[in-house]
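Here is the structure we will look at, set down as structure tokens.
Numbering (the numbering used here), first residue to last: 10 to 610.
In structure tokens:
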């Protein structure tokens with residue numbers, strides 16, 4: 010099977026295998042975790058086997074790095090019967106190295122020569138492909154021996170391929186052998202691989218997965234599973250997509266062996282939504298307070314050096330950036346809840362001039378309900394909404410509800426989040442938020458809002474004709490209780506049912522009577538939309554006359570234009586409908602109000 014986006018790389022491997030009977034070769038396949046080193050080695054193994062070559066393999070294992078010649082024993086075991094064919098001195102050294110015989114500590118040079126002789130003897134019957142997986146985790150003795158062997162293969166029908174992870178040092182990986190450096194997949198190749206493994210992914214989620222994976226093939230095949238499961242029913246895309254165990258292990262493995270002070274910097278940097286180096290280092294001081302080991306004795310530059318050397322981060326012009334986006338996610342996922350809370354609290358301490366960032370970090374550091382934090386998050390949601398960040402507003406309100414101590418406030422925040430989620434077109438989010446709100450003791454007005462929101466997503470499409478009477482009656486009750494705005498919205502739901510079902514002339518008239526009894530301004534967009542839907546013939550001329558005045562007014566709300574555009578359509582004024590809907594689309598699109606945008610179009 011062809012590897013997506015790796016035509017040049019597979020061509021180079023085929024060349025080595027095709028020419029093996031003329032000359033041997035060694036190649037180090039180098040790249041970051043998950044970039045496809047193993048896939049290329051598997052491809053080469055398949056080609057070699059198909060061409061009649063014999064394949065010997067070994068894999069470096071982190072827990073065996075302290076066992077001398079553990080990797081060599083695994084590699085040579087299948088050809089151990091040939092050991093009698095190599096010179097006595099070499100055989101004795103190799104047997105001692107592999108624990109076959111007891112003797113003095115063998116000379117590494119002699120063991121290397123013996124290993125080369127043994128593999129060459131085995132290659133007499135068929136060329137051999139030596140495959141070394143995770144060469145950076147080989148025990149040091151094996152790594153030295155294979156580096157020796159790799160430099161002496163030109164005259165033998167042997168090809169040695171070794172996979173080495175970026176950021177690790179080992180004798181075989183650093184033996185100045187020819188290298189094949191694997192870059193991330195191109196955007197087109199990454200998209201093709203993602204679509205092959207996760208067809209039908211939601212477009213917004215697809216774009217996010219492509220951005221997070223940054224061309225990493227392993228991530229492109231693994232991440233869609235957790236991303237889709239996480240996105241389903243959530244209030245808004247969170248900052249983290251959970252990694253599979255395999256992905257987390259692939260990325261966090263590079264953290265092992267780093268000094269505690271370096272790990273502390275990486276943990277805070279992973280949770281910081283700003284690349285500011287000074288901000289991160291200031292937060293690290295708070296994060297490590299009371300932990301002398303994590304704080305470390307040296308300056309900040311010393312703590313960063315190991316991470317830079319391991320090619321985990323780049324530090325330039327006062328900014329710290331991870332070399333791969335998923336490293337942030339992997340570090341976040343590997344941290345304990347206490348570590349995450351402490352890091353967020355430290356960041357909240359040092360962020361002074363960006364209120365929304367500060368409160369988000371404070372909220373992330375807060376595990377138990379705390380009303381003061383919930384109030385600040387609600388204020389952040391309002392600011393986000395005013396800037397057109399509807400998704401962020403939904404997420405902030407959802408989080409604020411979780412931190413609410415007052416049940417009424419909790420329900421209010423969930424209902425407002427659901428209202429905004431309707432505008433985003435997120436049906437499953439609306440349902441989940443309303444279900445969560447229903448678990449609280451709702452007030453009369455909150456129950457009325459829930460009725461309106463449950464029917465609002467479909468604009469009456471799924472409603473029954475008899476619902477029109479019930480909604481109009483509910484609107485009267487809510488208005489009598491003093492909440493005219495909510496009454497108007499409930500009437501709007503009733504009016505839409507007049508279009509999708511036929512409730513009868515009396516029900517239509519009742520909707521109009523209740524609407525006109527609310528003492529709204531005659532140019533109120535809600536009133537005009539209700540009249541257009543409930544009584545398009547009886548009130549059509551009035552609606553058109555008032556719409557003509559409104560359309561000449563600049564600076565209108567795109568959400569109301571969308572509603573007025575459909576109202577104009579109901580009363581047969583197609584020119585007005587086109588103008589109002591066009592203006593609505595132009596305003597809704599940049600705000601991300603996709604649910605409303607679809608209706609405007």
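Here a beta-carbon is modelled for each residue, glycine too, at the ideal position from N, C-alpha and C.
Cβ separation of residue i and residue j, assumed to be a contact under 8 Å, to the nearest whole Å
i: residue 252; j: residue 235; result: 7 Å
i: residue 372; j: residue 384; result: 11 Å between Cβ atoms; not a contact.
i: residue 138; j: residue 57; result: 4 Å
i: residue 222; j: residue 228; result: 4 Å
i: residue 46; j: residue 172; result: 4 Å
i: residue 53; j: residue 151; result: Contact doesn't hold; Cβ gap of about 20 Å is too wide.
i: residue 63; j: residue 110; result: Between residue 110 and residue 63 the Cβ distance is about 26 Å, and since that is not below 8 Å, they are no contact.
i: residue 93; j: residue 125; result: 16 Å between Cβ atoms; not a contact.
i: residue 521; j: residue 543; result: 5 Å
For residue j and residue i, the rounded distance between their alpha carbons
i: residue 546; j: residue 584; result: 18 Å
i: residue 386; j: residue 392; result: 10 Å
i: residue 265; j: residue 105; result: 32 Å
i: residue 115; j: residue 91; result: 19 Å
i: residue 7; j: residue 50; result: In this structure the chain extends from 10 to 610, so residue 7 is not present and cannot be described.
i: residue 406; j: residue 421; result: 9 Å
i: residue 257; j: residue 313; result: 22 Å
i: residue 593; j: residue 560; result: 12 Å
i: residue 168; j: residue 220; result: 37 Å
i: residue 43; j: residue 154; result: 27 Å
i: residue 323; j: residue 316; result: 8 Å
i: residue 23; j: residue 77; result: 33 Å
i: residue 332; j: residue 68; result: 26 Å
i: residue 462; j: residue 481; result: 15 Å
i: residue 311; j: residue 285; result: 17 Å
i: residue 426; j: residue 375; result: 20 Å
i: residue 84; j: residue 298; result: 48 Å
i: residue 502; j: residue 586; result: 20 Å
heavy atom of the ligand SAH below 6 Å from residue i C-beta
i: residue 159; result: The model depicted lacks the ligand SAH and carries no ligand whatsoever.
Alpha helix (DSSP H) segment containing residue i, residue limits
i: residue 514; result: 514-525
i: residue 379; result: Note, residue 379: premise wrong, no alpha helix (DSSP H); not H, not E.
i: residue 498; result: 493-509
i: residue 260; result: 254-261
i: residue 218; result: 212-222
i: residue 123; result: 117-131
i: residue 657; result: Residue 657 lies beyond the stretch modelled for the chain, which goes from 10 to 610, so this question has no answer here.
i: residue 296; result: 286-296
i: residue 573; result: 567-579
i: residue 359; result: 346-359
i: residue 157; result: 149-159
i: residue 274; result: 269-280
i: residue 15; result: From DSSP, residue 15 is part of no alpha helix (DSSP H); its letter is neither H nor E.
i: residue 370; result: 364-373
i: residue 337; result: 334-343
i: residue 486; result: 476-489
Run of the beta strand (DSSP E) containing residue i, from where it starts to where it stops
i: residue 197; result: Per DSSP, residue 197 belongs to no beta strand (DSSP E); it is in the alpha helix (DSSP H), 196-206.
i: residue 170; result: 167-174
i: residue 322; result: 322-325
i: residue 188; result: 188-190
i: residue 36; result: 34-40
i: residue 109; result: Segment: none, residue 109 is in no beta strand (DSSP E) and carries neither H nor E.
i: residue 139; result: 137-142
i: residue 250; result: Premise fails: residue 250 is in no beta strand (DSSP E) and is neither H nor E.
i: residue 330; result: 328-331
Per-residue burial, residue i [other beta carbons within 10 Å of its own, 16 or more giving buried]
i: residue 98; result: exposed
i: residue 595; result: exposed
i: residue 86; result: exposed
i: residue 575; result: buried
i: residue 396; result: exposed
i: residue 515; result: exposed
i: residue 225; result: buried
i: residue 41; result: buried
i: residue 470; result: Reliability of the predicted coordinates at residue 470 is poor, the pLDDT of 46 falling under 50, and the value obtained from them is presented with this limitation in mind. When all chains shown are included, residue 470 counts as exposed.
i: residue 413; result: buried
i: residue 562; result: exposed
i: residue 270; result: buried
i: residue 75; result: exposed
i: residue 118; result: exposed
i: residue 18; result: buried
Cβ of residue i within 7 Å of any chain C Cβ
i: residue 90; result: Looking at the structure shown, chain C is missing, and only one protein chain is on hand.
What are the complete beta strand (DSSP E) segments, minimum 3 residues, inside the stretch 397-444? Taking 3 residues as the shortest admissible run, the stretch 397-444 contains no complete beta strand (DSSP E) segment at all.
Note down, one range per segment and in chain order, each alpha helix (DSSP H) of at least 4 residues found wholly within the stretch 61-100. Taking 4 residues as the minimum length, the alpha helix (DSSP H) runs contained wholly in the stretch 61-100 are 79-85, in order along the chain.
Minimum length 3: unbroken beta strand (DSSP E) runs contained in the stretch 526-555: Complete beta strand (DSSP E) runs here, min 3: none at all.
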